[in-house]
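Everything below concerns the one structure shown next.
Next up, the structure:
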């Protein structure tokens, strides 16, 4: 069986493992206060053209999302988010467990619109019972979205403008940001740093064993961040492990290369699906494909490939997720394409 | 100006005030451990035909909702509720502030259906990522609903059956339960006690200065309730004030009489609205009416009456709420009806 | 039996009841947005010589303490407090339930010292593991303290100075502030407003049915306070009840008179205790007396008087609390003094 | 410089790195549902003689402590703990951030006594204001303690008996359990599993890159644990990393060997300290030594060794922590001993 069900089925990129091995017996202080973390922070600030940004390293996505949101919001505020957003759907209520409501917005292929965002903020503020409803305190988006889609440069600028006009921090969850960078090179790390008040550069799904780098460009969000990281279980004792991995990632373009491997494999598979006239539930330009298959078709593929079951559909057909990654080999992709052609 | 915008515009029923005055200088221990609370509890247990129920008195609705929900749910669980439910919309995220997600269900005129409820529970439990989503831990409904509508006896039985089958406690918010009792006499307090695991008998909107009586019929929900009441600011120092008020309410049928006054006034007004062919946004049999008015019509009425602004509508028209109460006098009702006729 | 076990054994002062009765059938908007609340706010601002203060009315002490603390602190901060403080001991962990640690300081007769406070703040900030410990975010004191003792003017000024130097808001819990005003007239409401960033003027124990007036003098603490009041169940639907009571309290010096009645009765009883050479556990100048009695002595008194059991002591003796109030009559005091003399 | 300031200054034991390398490109499902985790769980159950235990793997200590405590306690309950306990002092209020009070007990060299524990439980339950104080809901101890000391077999049995008698789950934080196993072989993993309702087998400080294995022997604590792990950011996407590490640890006695290396190095250093008549602040039989040094002595050592600054002491002297680990080499130990002799 070859797994195409998620992008965290392998360990880490060989270069990351090499770096971990090479530094394994070095002695370092804990909690991210070591030389590797310092160097990784410097590399990230440089890549983001954000010399004044704070950079923190956390182990996982739920951790980093919860920490940032809890650090930003006042107790009576909530976070605006697409109704399909990861924090709204797939973190077992982590945001609510920290005391805050996720205020959902309608989505189109996983994306919110600047217009709907502005309306929701205005409506909440102008509500005659404004004190009886949860007021928005920040905005959460992800790039790519849950459906693998991308905000265009113009869309990101518009959302950023709405947030700044409203005085609400914009937080972008970049769990798969490497795939966004590969698929939409017009948006660079510097653009994300400029448009967002906080964003993550995800490592878990892009060649690290684990890790999310959190970049804070907004001064107001910086104080106390390490305290709340520690409090919410987000501060790794051997923080150097994150430093070493991100150093490797931001050396010789490895981070982008990991994204490119995932995206180019996905594009080849997407081509095969389209050629076969298999309908896509959403048309994703990144490393996640959502294809509508009949039961016979999915049974055929699943004899040799593990796929993600996205949506039970209406019985006859179902939506399956095909996910590529930094680790996907040409041979694996070839095998899947051959099987698709044989359907 | 005569107020018809809510049912808490006056103080309390004269008989309640008499009772408070008569007992004012009595000396009693605090925190609900006095003789008046004991007697009020006994009267309520008797009225509910629930001799083993625990009865607690709290000051307000947000308090009692939050306390019950926080007492019932485990940290990873949420509460199922109509998307229009009070806890979902009008308590500034009180449930989320206690760490839990409100899991919303579609509504019809403010009501959820047993079918949709069963489906939501099944879907959450069978989700392939069940551990990554918030699991339902209880069900919240209100009677009357936010829109003044009522669950029929059959609907309440069905919802109760779904909850018991699923092992989820059913909690009914009875902030205006007196109006439900008046409008739908087929459902008695004993029925609510039998169908629900916990419910409230609201006093604030039915003739008390303030107060919600919480009736717990399910043994599992009883332990620790007073502790969490104290913790969440829901235990009144001079608890006797609640005991004295509920004693008065459950003497000589005062509670039901308060509901009947509100409902009969509303029915007369509803008749006038229909006679005038003014459309109702929802057809409520209780003390809240939701009428669609043109700007000219609402301006005319609002010269002498304060009404609730429910929904801005589409510009030309808006939905206004007309609310009667235990305190509404025939003269006030006559005046409003005359004004409606004159539109 | 005559109760001397607490200062909330009666309802309210007759003038308060009169005001509630006189206004009972007036129609008002809810949630503290009525004319009585507005007038009560104005009277309090004037009495405090604090024209820019925000004034809010809540029902009870645990509510107001939790709301203020949750509104002020960031998630990783705690509140400094005497180890005997009400929030540390007698609110079932309400502060912790809102996510914050109570950082306790040693006490002398219920009071903290400015020196110990400065040291604790410095130690927390300079700790080599400062990010791993809870940082102080505000300071809580009460006046009178749990033991009925009072901060002197100089002590209050010093504590205030330490807080301002450290940039930490000072919050004073004045559940019995009327007794402090009566017993230590050198400290006026204007002094409390000047020295504190937030404080309460307690009504429950001083002649109201219930109620705590929260005075916010620090601008930084003002935004969102009503939102969090609503969220934590602290916003009374019929807010006018609080407005009417505080109007009465701040008319013709009733609030102070209530405190004076309590304090003067306590002083007479204290005199009798000292004359009888009964030891005081703490020497309180306010309305709570803590006397060490043998079992025989307490048994004798408790045949006719209900007293508070403060501390089981070492078997032979126990500490009993004698509490007077606005409602204590000369006849009640005479009866207790006679019984003390007869011991 | 050679680091003796903590036991997490290196990466991981070479055998662990080997296992991670060997399995790196294997494809596995996420979230701990892979074959390595399954095998590691089986090995741990066997080592604990606890075939029915649930075993979960989390990344760090604060995470696992918070998750277990939040999963066990009801909202009004707190956790009993030595005043020096890690959760009381060094987790930035993580327990309070999840809504619960840490109820502290006096300690002797970091340990609580069964007698003081029983007294505290009885006092809380019998308090006349029991509903106004936080009730104990579980007991937390660590082995070794914060001071490197160990509960004897008899002490552990007694504490366990008090907990069972009181119906309170006993949770043992075994962040350094390998050192306890090495230093006190009379207490085996099976003993910990028998005496405790939940305990951890710490990996971060014993040869893993990171990881805490949580063993739940009490059936009542099992449901929902994975849900709350996910919610609190404690579920690693590539859970296989924890499985692979614990498989290595529980193969050929590696876990115990790591503890033995740390403890034997510490014993040699302890011998040198005693020979030199340097006073120990606490006499620890495990891998942490706490020695009282003059400024001149610590300056001398710190020219070549990094030590932990435990306590500023009284100016003249200070308490320094010397920490050995699985990674400490004989050469490093020899160097430190030579330096101690040369003081």
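Protein chains in written order, with my numbering: chain A, 1 to 343; chain B, 1001 to 1343; chain C, 2001 to 2343; chain D, 3001 to 3343. Just so you know, even glycine gets a beta-carbon here, dropped at the ideal spot from N, CA and C. Just so you know, these numbers come straight off a predicted model, no measurement behind them.
Quick one: which chain D residues come within Cβ less than 7 Å of residue i?
i, result
"residue 8 of chain A", "3030, 3237 and 3238"
"residue 1070 of chain B", "3075"
"residue 305 of chain A", "Under the 7 Å cutoff, chain D gives no residues; its nearest Cβ is about 11 Å from residue 305 of chain A."
"residue 12 of chain A", "3024"
Under 7 Å between beta-carbons, which chain B residues line up against residue i? List them in chain order, please.
i, result
"residue 97 of chain A", "1075 and 1099"
"residue 2063 of chain C", "1233"
"residue 2324 of chain C", "Within 7 Å Cβ-Cβ: nothing; residue 2324 of chain C doesn't reach chain B, min ~13 Å."
Could you give the DSSP three-state label for residue i: helix, strand or coil?
i, result
"residue 91 of chain A", "coil"
"residue 2005 of chain C", "coil"
"residue 229 of chain A", "helix"
"residue 258 of chain A", "helix"
"residue 115 of chain A", "helix"
"residue 2323 of chain C", "strand"
"residue 3063 of chain D", "helix"
"residue 178 of chain A", "helix"
"residue 1200 of chain B", "strand"
"residue 2134 of chain C", "coil"
"residue 1213 of chain B", "strand"
"residue 142 of chain A", "strand"
If the cut is a Cβ gap below 8 Å, which residues of chain D does residue i touch?
i, result
"residue 2092 of chain C", "3076, 3131, 3132, 3133 and 3134"
Should residue i go down as buried or exposed, given a rule of 16 or more other Cβ atoms within 10 Å for buried?
i, result
"residue 3066 of chain D", "buried"
"residue 1395 of chain B", "What is shown of chain B runs 1001 to 1343, which leaves residue 1395 of chain B out entirely."
"residue 2249 of chain C", "buried"
"residue 3138 of chain D", "buried"
"residue 1235 of chain B", "buried"
"residue 3010 of chain D", "buried"
"residue 62 of chain A", "buried"
"residue 160 of chain A", "buried"
"residue 3245 of chain D", "buried"
"residue 135 of chain A", "buried"
"residue 1050 of chain B", "buried"
"residue 2341 of chain C", "exposed"
"residue 1007 of chain B", "buried"
"residue 2142 of chain C", "buried"
Just to make sure I have the definition right: I need the residues of chain A whose C-beta is within less than 7 Å of the C-beta of residue i. Which are they?
i, result
"residue 1309 of chain B", "128"
Against residue i, what residues of chain B qualify as contacts under a CB-to-CB distance less than 9 Å, listed in chain order?
i, result
"residue 81 of chain A", "Near residue 81 of chain A there are no residues of chain B at all, since even the closest Cβ is about 13 Å away, more than 9 Å."
"residue 2003 of chain C", "1027, 1028 and 1029"
"residue 2327 of chain C", "1025 and 1027"
Under 7 Å Cβ-Cβ, which residues of chain C neighbour residue i?
i, result
"residue 226 of chain A", "2131"
"residue 230 of chain A", "2131 and 2132"
So with CB distances below 9 Å, who are the chain A contacts of residue i?
i, result
"residue 1208 of chain B", "The premise fails here: residue 1208 of chain B is roughly 21 Å from chain A at the closest Cβ pair, so nothing lies under 9 Å."
Notebook entry, point to check: Just by C-beta distance, which residues in the stretch 131 to 149 of chain A are closer than 7 Å to chain C?
Noted result: 131, 132 and 135
Next item on the list: With 9 Å as the limit, tell me which residues of the stretch 3039 to 3061 of chain D have their beta carbon closer than that to any beta carbon of chain A; keep them in chain order.
Entry: 3058, 3059, 3060 and 3061
Item checked: Contiguous beta strand (DSSP E) assignments of at least 3 residues, all confined to the stretch 265 to 326 of chain A -> Segments of the beta strand (DSSP E) lying fully in the stretch 265 to 326 of chain A: 280 to 282, 288 to 294, 308 to 311 and 317 to 323.
Next item on the list: Quick one: which residues of the stretch 240 to 256 of chain A get their C-beta closer than 8 Å to a C-beta of chain D? List them in chain order.
Entry: Residues passing the 8 Å Cβ filter: 240 and 241.
Margin query: What are the residues in the stretch 190 to 214 of chain A lying within 9 Å of chain B by C-beta distance?
Written below: none
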